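See structure below.
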Amino acid sequence: MTFAAKFRMWSSINSHATFMVATLNTSSKRTTGHVFIAASVDGYIARPDGDIDWLSKYAASGEDTGYDAFMNTVDGLMMGRATFEKVLSFDSWPFKKPVVVLSRTLSQADLRADLGGKVRISSLAPLPLMQALASEGWRRAYVDGGRLIQSFINENLISDIVLTRIPVLLGDGIPLFGPLAADLPLRHVETTTFASGMVQSRYELG
1 MTFAAKFRMW SSINSHATFM VATLNTSSKR TTGHVFIAAS VDGYIARPDG DIDWLSKYAA
61 SGEDTGYDAF MNTVDGLMMG RATFEKVLSF DSWPFKKPVV VLSRTLSQAD LRADLGGKVR
121 ISSLAPLPLM QALASEGWRR AYVDGGRLIQ SFINENLISD IVLTRIPVLL GDGIPLFGPL
181 AADLPLRHVE TTTFASGMVQ SRYELG
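According to full-length UniProt numbering, numbering within the sequence shown proceeds without interruption in unit steps and concludes at 206.
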């Protein structure tokens, strides 16, 4: 599990971040999946209990990671139930774009009243969901949450990954990546370093 809202504090857009996002390919008429995520140097996106307190120091640094610029390129977000429940614990709903929660146990009736029109529940598998979103006009979908990212990668539904490495070792936690049927080559596009020690890289898949 990971949480898209963890970067919402970094709101200013510098020229590099704008360039990184502006160069993404938006010509395809199918819905493509895109990842923007942070992980510890040892590959964890949260502690074993889902806590992301270790990100607070870097959020407070005020450095721009390009999150807002990235969000301007997507039509909406997808997340699993665990990520959704973590976001619900925040003081306010952090997303202006529509959110699709993939869950076989939640229903639309389970949503809070204030989330009407903002969030919908889907029990579809990744590929049928992407096909349904394409028919609705979605071109770029932000895929968030460790397990969800893994399932989308395994179905070849992720076009690129923007990965920000946080300079900390957690030792244990929820991993970003999981088992694959075979090696998956990545094409490195660019890397940016920050004064805080964060290192952000973008990779294209396929």
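In this text, a Cβ means the ideal position worked out from N, Cα and C, and glycines have one as well. Since this is a predicted model, take the numbers as computed values, not measurements.
Under 8 angstroms between C-beta atoms of residue i and residue j
| i | j | result |
| --- | --- | --- |
| Val99 | Gly76 | yes |
| Asp144 | Arg202 | no |
| Ala46 | Ile174 | yes |
| Phe70 | Val162 | yes |
| Met198 | Leu148 | no |
| Ile121 | Ser135 | no |
| Ser89 | Ser103 | no |
| Val41 | Val119 | no |
| Gly50 | Ala82 | yes |
| Ala141 | Leu133 | yes |
| Arg187 | Thr31 | no |
| Leu176 | Gly146 | yes |
Sheet register partners of residue i (DSSP bridge)
| i | result |
| --- | --- |
| Arg202 | Val162, Glu190 |
| Arg30 | Answer is none; Arg30 lacks a bridge partner. |
| Ser40 | Ile166 |
| Val99 | Leu77, Val119 |
| Ala46 | Ile174 |
| Val35 | Ile161 |
Limits of the beta strand (DSSP E) - the one that residue i falls within
| i | result |
| --- | --- |
| Val119 | 119-122 |
| Gly80 | 76-80 |
Boundaries of the alpha helix (DSSP H) in which residue i is found, first to last residue
| i | result |
| --- | --- |
| Asp172 | No alpha helix (DSSP H) contains Asp172, which DSSP labels as neither H nor E. |
| Ser56 | 56-59 |
| Asp68 | 67-71 |
Cβ-Cβ separation, residue j to residue i (assumed contact under 8 angstroms), whole Å
| i | j | result |
| --- | --- | --- |
| Thr164 | Ala38 | 4 angstroms |
| Asn154 | Leu180 | 7 angstroms |
| Val74 | Lys97 | 6 angstroms |
| Gly178 | Gln150 | 4 angstroms |
| Gly33 | Phe152 | 5 angstroms |
Q | 4-residue-minimum alpha helix (DSSP H) runs that sit fully inside the segment 122-154, ordered along the chain | A | List check, alpha helix (DSSP H) in window: 126-135, 146-154.
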